[in-house]
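One structure is given here, and the rest of the page talks about it.
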DNA sequence: AACGCGAATGAGACCGGTCTCTTGACATTT
DNA sequence: AAATGTCAAGAGACCGGTCTCATTCGCGTT
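Chains as they are written, first to last, in our numbering: chain H, 221 to 583; chain U, 221 to 583.
Below you can see the structure in the form of structure tokens.
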């Protein structure tokens with residue numbers, strides 16, 4: 221690094237000297253507290269302008285203990301889901317004169333821990349986190365400032381939380397598929413599973429992922445679809461091999477006739493893979509995805525989606541957090557926002573419709 | 221607001237007392253500077269752990285004058301262009317242990333000024349800005365810390381700048397259209413024009429917009445297309461009336477047979493409008509857009525795009541800025557990144573092909 | 001005229017770090 | 001053995017604000 225070039229900035233004392241008042245008085249004017257006479261106020265203001273005084277927010281924060289900024293830790297800003305949520309957060313924050321310090325966890329717990337540590341050291345007044353793993357939350361419990369959870373709930377952490385009704389949404393979406401006669405339905409998510417998935421949905425580390433899978437399984441069970449667990453595919457994120465894995469899935473002899481995708485990034489990748497495999501939506505395969513991403517309405521066919529109120533998600537969680545910063549000490553609130561399904565053209569009858577019942581009876 | 225609840229945090233002095241050394245020595249260990257014996261270091265570290273000491277980065281910044289964070293002011297995080305660029309910035313920043321404080325200007329100069337003021341007050345070490353208006357840059361000239369410009373150059377501001385070759389890109393894209401026989405070509409941008417556009421491209425306030433329009437006009441001139449200026453449409457952003465205006469354009473009797481869109485958000489809106497008007501791409505109308513947004517490859521037909529190295533844009537500008545923070549004092553650099561055109565299926569021959577030459581001779 | 005009171009101002013401690021300067025202990029040089 | 005050098009550690013100023021406390025002043029009361 222390098223010695224600070226010692227940029228001598230204008231301080232309260234400088235202004236005070238120029239205005240021929242005490243440092244305390246100048247500080248009162250500049251800081252907007254205490255009482256000062258109109259004449260003195262004018263004099264100080266003028267001196268400040270003449271000297272081009274600019275307050276040092278850091279110094280102010282040090283004494284007040286408040287930094288006027290909140291930290292936001294999301295999985296991936298590049299994902300339109302998060303960037304829209306962040307937009308909601310920052311819009312609300314700006315209205316309260318609060319800044320947002322952004323950190324990417326890349327869905328990695330270590331990076332998340334690190335980001336939180338740094339943000340805390342920067343004395344953020346509050347934190348909004350999208351926890352990457354619900355298994356490892358010790359670092360979240362240690363957080364000394366108000367914390368709010370975005371999109372992912374943590375049963376063991378009783379803090380303000382805003383989520384959507386993932387389980388119900390997944391259930392309704394899956395029902396649309398089962399009612400169209402589908403029996404081989406896959407659920408594809410970018411989440412990675414630590415250890416094996418043996419039907420123990422409760423062992424899944426991200427609440428959103430778990431809830432959705434449970435909803436998916438609920439609907440499968442309702443419709444009497446067996447072995448739905450085997451059709452849950454993890455790790456379809458931005459990793460190198462993910463796309464190839466999708467193609468394998470689509471080319472297997474018992475390939476699914478319908479897919480529910482956990483987010484729009486996965487869905488777009490699936491959409492491409494489906495086309496690359498020469499399959500047609502919805503004739504050969506039906507597709508529903510979470511998140512009404514902009515592209516889903518312009519494809520041929522347009523995609524049926526689970527529309528999550530993403531902007532509102534960010535807006536709500538920011539409001540909750542800021543309310544708490546202002547001293548609200550009501551018990552933590554858990555807001556669950558409703559989702560709606562936008563039915564477009566990507567769901568058709570199962571191409572195996574005749575076969576399906578046979579298959580079912582075989583077992 | 222509220223009195224700070226006086227959370228008595230553990231300070232260097234506390235650790236010093238616990239470890240039975242002086243504050244200065246404890247600070248040396250905790251701050252990682254100066255020299256300390258191994259025994260004392262161990263003692264201090266142990267005391268720090270026992271007390272759960274957490275450094276106050278604010279206090280540190282106050283004396284060092286360095287805050288370890290940079291401010292980023294973009295037009296709209298929600299726009300995938302910016303969120304990808306921000307991703308590039310924050311990836312680079314993290315590698316250098318630097319945080320990113322994000323601010324949205326909403327392409328509004330006043331908001332931009334305000335954001336910059338706040339970020340400066342927070343003592344950011346450097347700033348990355350996407351200036352909303354190249355006409356109003358006084359506030360940028362006043363910035364006391366290293367500044368770097370992203371995506372938009374400012375001739376009057378000699379600072380590190382990373383842009384793409386907008387003019388050339390627009391020219392090449394437009395040529396593709398003119399070579400396909402198009403003569404009625406529209407350029408549609410979200411930017412708003414202050415005052416009238418009377419061919420005085422130099423009066424346009426955003427460099428990116430200006431360069432692209434000049435490139436567009438270059439190619440039109442080359443091809444002998446007259447009155448291209450009249451086909452430049454501003455204000456097609458997220459404003460309420462924008463979509464209706466597009467439909468008007470598409471329904472007019474002399475509607476364009478080809479459109480060049482300034483960004484993917486505008487293009488998506490256009491794509492929808494085109495479909496709503498019952499027109500077909502590329503039979504009735506050809507479309508090219510800036511930014512290889514994810515959706516452009518999955519529409520029917522897929523869209524020909526100008527692929528900008530967006531992530532690299534963010535990465536480069538962050539690298540430039542950070543290099544400068546480290547003391548590099550080479551003259552400001554202006555990096556222009558190359559773009560490539562990805563030809564897909566959205567460009568076809570002009571439906572007016574026969575007519576076109578006639579039209580041209582008429583004038 | 002003496003008193004009380006609130007408003008305006010000044011003096012200086014304080015926040016939690018960094019960093020300069022000084023001192024003391026011990027090692028090395030001659 | 002005296003002089004010199006080196007390193008570890010301590011004392012305390014400092015960064016640029018806020019805020020407590022004391023002081024002064026003007027003015028209405030009784």
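Don't be surprised by glycine CBs; every beta carbon is placed ideally from N, CA and C.
Asked	Found
Three-state secondary structure assigned by DSSP to residue 564/H	coil
Partners in chain H for residue 306/U, counting only beta-carbon separations shorter than 7 Å	297
Spatial neighbours of residue 391/H in its chain, beta-carbon cut-off 7 Å, leaving aside the 5 residues before and after	435, 438, 439
At least 3 beta-carbon pairs within less than 8 Å: the region 378-389 of chain U vs the region 516-536 of chain U	yes
Residue 253/U, DSSP secondary structure in three states	coil
Nonlocal neighbours in the same chain, by C-beta distance under 6 Å from residue 404/U, ignoring five residues either side	476, 477
Any C-beta of chain U under 8 Å from that of residue 368/H	no
Residues of the region 484-500 of chain U with Cβ closer than 9 Å to any Cβ of chain H, in chain order	484, 485, 488, 491, 492, 495
Partners in chain U for residue 277/H, counting only beta-carbon separations shorter than 8 Å	338, 341, 342, 343
Residue closest to residue 185/H, alpha-carbon to alpha-carbon, out of 453/H, 402/H, 474/H	Lying outside 221 to 583, the shown extent of chain H, residue 185/H is not represented and no answer is given.
Proximal residues of chain U, C-beta to C-beta of residue 425/H below 9 Å	Chain U residues near residue 425/H: none, gap ~23 Å exceeds 9 Å.
Residue-chain proximity (residue 438/U, chain H), Cβ-Cβ < 8 Å	no
Three-way DSSP call (helix, strand, coil) for residue 299/U in this model	coil
Short CB-CB distance (under 8 Å) between residue 537/H and chain U	no
Span of the beta strand (DSSP E) around residue 280/H	Taken as a continuous stretch (DSSP letters only), residue 280/H belongs to no beta strand (DSSP E), being part of the alpha helix (DSSP H) at 277-284.
Contacts that residue 274/H makes with chain U (C-beta to C-beta distance below 7 Å)	340, 341
Where residue 506/H falls: helix, strand or coil (DSSP)	strand
Chain U contact residues for residue 287/H, given Cβ-Cβ distances below 8 Å	278
Residue range of the beta strand (DSSP E) that includes residue 273/H	Careful: residue 273/H lies outside any beta strand (DSSP E) and carries neither H nor E.
One or two residues paired with residue 347/U in a DSSP bridge	291/U, 367/U
Range covered by the beta strand (DSSP E) that runs through residue 360/H	Element bounds for residue 360/H: not the beta strand (DSSP E) but the alpha helix (DSSP H), 358-361.
Under 8 Å by beta carbon: chain H residues contacting residue 466/U	Going along chain H, no residue has its Cβ under 8 Å from residue 466/U, so there is no contact; the nearest lies around 14 Å.
Min CB distance residue 520/U to chain H below 8 Å	yes
Under 8 Å by beta carbon: chain U residues contacting residue 551/H	Within chain U, no residue comes near residue 551/H; the closest Cβ sits about 18 Å away, beyond 8 Å.
Cβ contact check for the region 325-345 of chain U and the region 293-306 of chain U: 3 or more pairs under 8 Å	yes
Min CB distance residue 228/U to chain H below 8 Å	no
Contact between the region 516-527 of chain H and the region 552-571 of chain H (3+ Cβ pairs under 8 Å)	yes
8 Å Cβ shell around residue 426/H - same chain, five flanking residues per side excluded	351, 352, 353, 354, 372, 411
Cβ of residue 508/U within 8 Å of any chain H Cβ	no
Chain U residues whose Cβ lies nearer than 8 Å to that of residue 324/H	307, 310, 311, 314
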